[in-house]
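Trainee: Please see the structure below; I have some questions.
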Amino acid sequence: MSKILELLCTEYENVYGLKMNKNYSIPKIYHGGDNYDLTKRWYVYYSYGDPETAKLVRQNPIFANFNRLCKTKKERLTSFKILRDTLEQLLKEGYSPYENEIIENEYSANSAFDFALELKKSTVSSSTYKGYLNRVNVFKKYLKGKGLDVANIKSINSRP
0 MSKILELLCT EYENVYGLKM NKNYSIPKIY HGGDNYDLTK RWYVYYSYGD PETAKLVRQN
60 PIFANFNRLC KTKKERLTSF KILRDTLEQL LKEGYSPYEN EIIENEYSAN SAFDFALELK
120 KSTVSSSTYK GYLNRVNVFK KYLKGKGLDV ANIKSINSRP
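Numbering that gives the first Met the number 0 numbers the first residue of the sequence shown as 0 and each following residue consecutively.
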């Protein structure tokens with residue numbers, strides 16, 4: 000009989016212990032109080048477990064310029080609900096505000112210039128883009144002559 004009781008207690012701890020040990024709180028919307036005051040700044044707030052102390056620490060609020068962009072109560076609520084739901088989904092998928100993983104892409108000189116040109120193509124006029132393309136091609140030819148066209152872009156500096 001005691002073996003069954005021990006198994007049940009262990010199962011109870013496993014099931015309910017997982018729910019209690021969430022590393023974050025559910026994101027909430029601060030909307031200016033009970034009367035949805037549009038003169039106050041609305042935001043989404045949440046807490047996340049500090050890796051050193053394992054206590055929930057309130058994180059910086061998220062505004063996302065909705066206070067400036069949305070002037071009515073309905074617009075703000077809709078926008079902030081989408082923001083809150085998206086943040087909650089990110090937290091469920093394992094997002095941590097404490098992870099400082101800097102993702103560095105290693106680009107060769109040619110691929111870095113191609114990437115930059117692709118970004119500029121949509122933001123500048125066609126004549127400006129042609130000028131950029133011409134200058135980049137001349138510089139690529141120079142780099143190829145020096146053997147630096149396949150080198151990491153960070154290794155290229157302004158000194159010969």
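Glycine residues also receive a C-beta, built at the ideal position from the N, C-alpha and C atoms.
Can you grab the Cα-Cα spacing for the pair Gly31 / Cys69, in whole Å?
Mentor: Roughly 14 Å between the two C-alpha positions.
Trainee: So is Arg163 buried or exposed if we call it buried at 16+ other beta carbons inside 10 Å?
Mentor: The question about residue 163 has no answer here: the residues shown for the chain are numbered 0 through 159.
Trainee: Following the continuous beta strand (DSSP E) through Ile28, name the residue where it begins and the one where it ends.
Mentor: That run of the beta strand (DSSP E) goes Lys27 to Tyr29.
Trainee: Identify the residues that DSSP records as bridge partners of Ile61: which are they?
Mentor: Answer is Val43, bridged to Ile61.
Trainee: May I have the straight-line CA-CA distance separating Thr77 from Thr127, to the nearest angstrom?
Mentor: Answer to the nearest angstrom: the Cα atoms are 40 Å apart.
Trainee: Give the secondary structure of Ser37 by DSSP, where H, G and I count as helix, E and B as strand, and everything else as coil.
Mentor: As written in the sequence, residue 37 is Leu, which differs from the Ser given in the question. Note: Leu37 maps to coil in three-state DSSP.
Trainee: Of all the options Ser46, Gly144, Val137 and Ile25, which has the alpha carbon lying nearest to the alpha carbon of Pro96?
Mentor: Nearest C-alpha to Pro96: Ser46.
Trainee: If distances are taken between C-alpha atoms only, which option among Val56, Ala111, Ser124 and Ser24 comes closest to Asn136?
Mentor: When each option's Cα is compared against that of Asn136, the closest is Ala111.
Trainee: Near Tyr106, which residues of its chain fall below 8 Å by C-beta distance, leaving aside the five closest residues on each side in sequence?
Mentor: So the list reads Phe114, Asn151 and Ile152, once near-sequence residues are dropped.
Trainee: Would you kindly check if the distance between the Cβ of Leu116 and the Cβ of Ile26 is under 8 Å?
Mentor: According to the sequence as given, residue 26 is Pro; it is not Ile. Contact flag unset, no.
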